[in-house]
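In full-length UniProt numbering, the protein residues as written are 1 to 135.
These notes concern the structure reproduced below.
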Amino acid sequence: MENLTGSCLCGKVQIEVSNNFEYMGNCHCSECRKFTGSDYSSVGGVKPEHFCFKAGEEFVSIYQKSEETALAFCRVCGSSLFSKKHKTGMYNIRLGILDDVPTHKPSFHIFTASKAPWNDITDNLTQFEKAPIKQ
């Protein structure tokens, strides 16, 4: 399977992930909006064995958002990198940090009930008002 590289804005943190994402979607929850500074966050989920740091792990800061989720960002430039789900071990990679183009695209929107009021979703992707049952 092909691997993709990703990096933060300053380039100090570099990652590698498999191009075999379990899912790719757009999250509209208020917490993702706060963490990314955007009206939604596009993420791709990878299993831990398909994620590694190529450089700069020492520049990653972790914010423990909840019992279930840790958020990672570059402590030098502030780039939002990924979230990690403790229960499943999944990494939700912020697709904007990828330096390479993944094979697939996001296929759904989640937490649309709390989306930014100025954001009109105009594509035909599946929408979930909250999270899908299986994450």
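Backbone N, C-alpha and C fix where the C-beta goes; we use that ideal spot for every residue, glycine too.
DSSP state of ARG75 mapped onto helix, strand, coil: In the displayed model, ARG75 falls within coil according to three-state DSSP, outside both helix and strand.
Contact between the region 82-91 and the region 105-123 (3+ Cβ pairs under 8 Å): Too few Cβ pairs lie closer than 8 Å, so no.
Contact set for SER42: own chain, Cβ-Cβ below 6 Å, skip 5 residues either direction: These residues qualify, in order along the chain: ASN26, LEU95, PRO106.
Simplified DSSP state of ASN3, which is helix, strand or coil: Under the three-state reduction of DSSP output, ASN3 falls in the strand class.
Cβ neighbour criterion (16 or more within 10 Å) applied to GLY44: Using a 10 angstroms sphere on the CB of GLY44, the tally of other CB atoms reaches 16 or more, which defines it as buried.
Burial state of SER7 (16 or more Cβ within 10 Å): Flag for SER7 reads buried.
8 Å CB neighbourhood of LYS12 in its chain, flanking five on each side removed: For LYS12, same chain residues with a beta-carbon under 8 Å away, outside a window of 5 residues either side, are ALA55, GLY56, PHE59, CYS74, VAL76, CYS77 in chain order.
Straight-line Cα distance separating LEU81 from THR103: Rounded to the nearest angstrom, the two C-alpha atoms are 20 Å apart.
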